[in-house]
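Have a look at the structure below, then the notes.
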Amino acid sequence: MGSELGSFGPAIVRVRATIRRYPTFDRAALRPSGPPPTLGLMCGIVGYVGRRPALEVILEGLRRLEYRGYDSAGVAVLDGHGKLAVERKAGQLRNLEAQLARLDARSFEGSTGMGHTRWATHGGPTDRNAHPHTDSAGMLAVVHNGIIENFAPLRAELEASGIELASDTDTEAAAHLVALAYSGARPATGAAGASATAGDLAASVRAVCRRLQGAFTLVFTHADQPDLIVAARRSSPLVLGLGDGETFLASDVAAFIEHTRDAVELGQDQVVTITRDGYQVTDLDGEPVAVTPFRVTWDLAAAEKGGHDYFMLKEIEEQPSAIANTLRGHLTDRRIVLDEQRLTDTDLRDVDKVFVVACGTAYHSGLLAKYAIEHWTRLPCEVELASEFRYRDPVLDRQTLVMAISQSGETMDTLEAVRHAKQQKARVLAVCNTNGAQIPRESDAVLYTHAGPEIGVAATKTFTSQIAATYLVGLALAQARGTKYPDEVAREFAELETMPDAVAAALDGVGAARELARELASSRAVLFLGRHVGYPVALEGALKLKELAYMHAEAFAAGELKHGPIALIEEGLPVVVVMPSPKGRAVLHAKLLSNIQEITARGARTVVIAEEGDETIRPFAHHLLEVPAVPTLLQPLVSAVPLQVLAAEIARARGYDVDKPRNLAKSVTVE
Ligand code: AGP
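Take 3 as the starting number for the sequence shown in the working numbering and just add one per residue.
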């Protein structure tokens, strides 16, 4: 095992996978042994310094990170004689491998290097935006996972000093800044004069990272330093693999556990220098930091799932960072800014009606968007199943904003709805999780969710990310129309920003849902009830149970019970009830309470999702699943969590494949 460079002494501090602004929470109790999964954006990174040819180690590591999805890939290798070889290619990893096979293998000889698979955030999935990025001289290379929120002013600063950037990415700015600081040409602070970090790659990286805002794992190599790699981490995954005469860096342990199971997880705002003999970790000011080596006990398959049995279970746990990454950078100078918006404030101000089109889970997030948009903007907002939309001859014109929600961006029903809307001259805004997919490409504007690839067929983190994203659209409309003052918009955004912590707290409380799943697994059917924003949550809970456990599940607006569905209630029938806050919507709370009494009187077994501390409901719930108290419009973000876990665990109890339910596909590209 590589020893730490220098003598930091035996002091060992437990390093947890802390994510910016969240209390360190350790849900080890709910997870197989091993370190808490580092949550964050989903590009794949591999770095290597050792005694073997770096290229083959890196490519093998990138293959292991295939589940993280990618729309481009690239490698950088130091040949040990002052030369840096970089190759990158859009598309699957095999495109890069085919390109490398056509090159002279000698140019990629060397035992230090790094690789990257990109899940695009800023800049489309093209060759020019693929990582690694280099400085103008081609002496320094960088790969990045994350979002640098203040990259626009940094780009402007570089361009003002005559540096022409070759890509649309935020990452390239970091390459130029570190190269300037390292070469001595200019300090990382951007001020004039000589750089105090000239010749010191780690110091140059620290100085630049002190200026960066946002989430990042940044990994740098420099042709002058053939036997070392420097990396920095904030709110994005980075682990070290400690081999015998070789050291690895990676987004997660899957990339290197075939070579070593001795690892170290880096903490927040830490910078590591790795050589073949080991590593040295400091904080951003250069002070040494003690870190905790650990032994990876997972096998490769489990490592790819963060120690879980299924990707879906891991993705449920990734919701705090998926929501945080979706919100990140969208409030600048107290104004909501959307992604590649291409819709001006004037365009938004002219909107006189909103139409949401989507399918399945995305449709349920659209139903929730309706509550927020109508409440904040006073615009009428219709929500239509995409497969019905164009056949009902909807009333659309240039002042209609059609919001197309799709995590894959390839759902044919939704794509055809977009095309119909465009033919009717409506403006189309896509809310999508896949950069460069067909639906955003055919839309007038796009707001990307940053949930990272969702491998499980059942949507979870993309659902809660869609809620956050569509609420951003609602705030942008309210801001443009002046139905909310800037301070009100900022206040609503600030409440949204507390949701990752609230969802993390909801995740800490899913033990009761796990327990209940075993009891419900033998049920024939389950009903779901909700009112107001609880009704779309009930619909989503029913869909999860249908698609995962193949169990009949049906959701109703609770007020509809007396209009027919109450006839379904019979002895022992489980009914899930999504309760509003007793404080936020007291009238609805009282009505749902009487609904519960009606169904209990007829033999129903109630499973109540309720706000922590809601003592009124306790006597009426056969099973109580508590979630954190949050504002009414934000409740779906926390109440969806126990329903996701309940469905997944019932499916597991029934022996089904949670990631690949029968008859279903992750992206439905047929009508
Ligand atoms: C949800 O769990 C399902 N996988 C399915 O309903 C899905 O939400 C629907 O097919 C829409 O997919 P999209 O978001 O990729 O458009």
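Don't be surprised by glycine CBs; every beta carbon is placed ideally from N, CA and C.
- By the neighbour-count definition (other C-beta atoms within 10 Å, threshold 16), residue 303 is an exposed residue.
- Under the 10 Å beta carbon count, residue 221 is surrounded by 16 or more other beta carbons and is classified as buried.
- For residue 669, the CB falls within less than 7 Å of some heavy atom of ligand 1.
- For ligand 1, the residues with a Cβ under 5 Å from any of its heavy atoms are, in chain order, 361, 362, 363, 364, 408, 409, 410, 413, 460, 461, 670.
- DSSP lists 224 as the beta-bridge partner residues of residue 142.
- Per the Cβ contact rule, the stretch 500-511 is not in contact with the stretch 591-601 (fewer than 3 Cβ pairs under 8 Å).
- Around the beta-carbon of residue 566, fewer than 16 other beta-carbon atoms lie within 10 Å, marking it exposed.
- Following the DSSP letters along the chain, one finds residue 236 inside the beta strand (DSSP E) bounded by residues 231-236.
- Contact between residue 388 and residue 416 holds, with the beta-carbon distance rounding to 4 Å and staying under 8 Å.
- In the three-state reduction of the DSSP assignment, residue 57 falls in the helix class.
- Within the stretch 602-657, the runs of beta strand (DSSP E) that reach at least 3 residues and sit entirely inside it are, in chain order, 607-613, 625-629.
- For residue 250, the enclosing beta strand (DSSP E) has its first and last residue at 249-252.
- Distance from the CA atom of residue 470 to the CA atom of residue 310, rounded to whole angstroms, is 26 Å.
- Per the coordinates, the alpha-carbon of residue 73 lies some 19 Å from the alpha-carbon of residue 239.
- Per DSSP, residue 564 is not a residue of any beta strand (DSSP E), being assigned neither H nor E.
- When C-alpha distances from residue 554 are compared across 560, 665, 254, 545, the shortest belongs to 545.
- For residue 606, same chain residues with a beta-carbon under 6 Å away, outside a window of 5 residues either side, are 571, 575, 577 in chain order.
- Straight through space, the alpha carbons of residue 495 and residue 636 are spaced by roughly 11 Å.
- With a 10 Å radius around the Cβ and a threshold of 16 neighbouring Cβ atoms, residue 409 comes out buried.
- The beta carbon of residue 668 is closer than 6 Å to those of 459 in its chain, skipping five residues each way along the sequence.
- In the displayed model, residue 403 falls within a strand according to three-state DSSP.
- Of the residues assessed, residue 319 falls on the buried side of the cut-off, its CB having 16 or more other CB atoms within 10 angstroms.
- Burial of residue 437 is indicated by the presence of at least 16 other C-beta atoms within 10 angstroms of its C-beta.
- In the assembly as shown, residue 427 is an exposed residue. Its beta-carbon has fewer than 16 other beta-carbons within 10 Å.
- By the beta-carbon neighbour count (other beta carbons within 10 angstroms, threshold 16), residue 435 is buried.
- Taking the C-beta atoms as reference points, residue 466 is found nearer than 8 Å to residue 639.
- Excluding five sequence positions before and after residue 661, the CB atoms of its chain that fall closer than 7 Å to its own CB belong to 312, 313, 314, 457, 458, 459, given in chain order.
- The Cβ-Cβ distance between residue 366 and residue 203 does not fall below 8 Å.
- Classified as exposed, residue 163 has fewer than 16 neighbouring CB atoms from the shown chains inside 10 Å of its CB.
- Secondary structure at residue 163: coil, using DSSP grouped into helix, strand and coil.
- Residue 147 has 219 as its beta-bridge partners, per DSSP.
- Counting the other Cβ atoms within 10 Å of the Cβ of residue 135 gives 16 or more, which makes it buried.
- Residue 588 sits in a helix when the DSSP states are folded into three classes.
- Relative to residue 361, the option among 325, 336, 412, 327 whose CA is nearest is 412.
- Your pair residue 248 and residue 54 checks out as a contact, with CB atoms roughly 7 Å apart and the cut at 8 Å.
- Looking at the backbone, the Cα of residue 517 and that of residue 647 are separated by about 10 Å.
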